[in-house]
Amino acid sequence: MFGGSLLFRQLVVSVIWFINILSWAIIINSLLSWVLDPMHPIRVFLGRFIEPIVAPFRNLSRRLNTSGIPIDFSPLFAYLALSIISSLLRGLL
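Going by this note's numbering, the sequence shown opens with residue 72, and the numbers climb by one from there.
Right, here's the structure in full:
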């Protein structure tokens, strides 16, 4: 459908690339949360990029009543959503 346009292809590839960077940032920040203070400069830097992505899923997590579980599932939900979006975009290529 849209596959013939080189500009469209480049745009989709760029968005997929950006989604991959966000996905890795979510993974790295989640792992660092076990060993670094939330105010550590690396975590603050990563948080600036991923918090707008993770925040809506944190609200969803609260609505699902996971408050009794001491694990924050919002990064996992955000990662899964980004993976689905990336897969859908790859289907356009």
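Every residue, glycine too, gets a C-beta built ideally from N, C-alpha and C.
What residue does the alpha helix (DSSP H) around residue i start on, and which one ends it?
i    : result
D95  : Note that residue 95 is Trp in the sequence shown here, rather than Asp. Start and end: 77–103.
P146 : 145–163
I131 : In the sequence on display, residue 131 carries Leu and not Ile. Taken as a continuous stretch (DSSP letters only), the alpha helix (DSSP H) holding L131 covers 112–134.
Is the beta carbon of residue j closer than 7 angstroms to that of residue i?
i    : j    : result
L103 : R114 : yes
L147 : V83  : no
L157 : I90  : One point to set straight first is that residue 157 is Ser, not Leu, in the sequence displayed. Cβ distance < 7 angstroms, so S157 and I90 count as in contact.
F128 : A149 : yes
Segment contact flag, the stretch 138–147 with the stretch 75–94, C-beta cutoff 8 angstroms, min 3 pairs: With a cut-off of 8 angstroms, the stretch 75–94 and the stretch 138–147 do not count as touching, because too few Cβ pairs lie within range.
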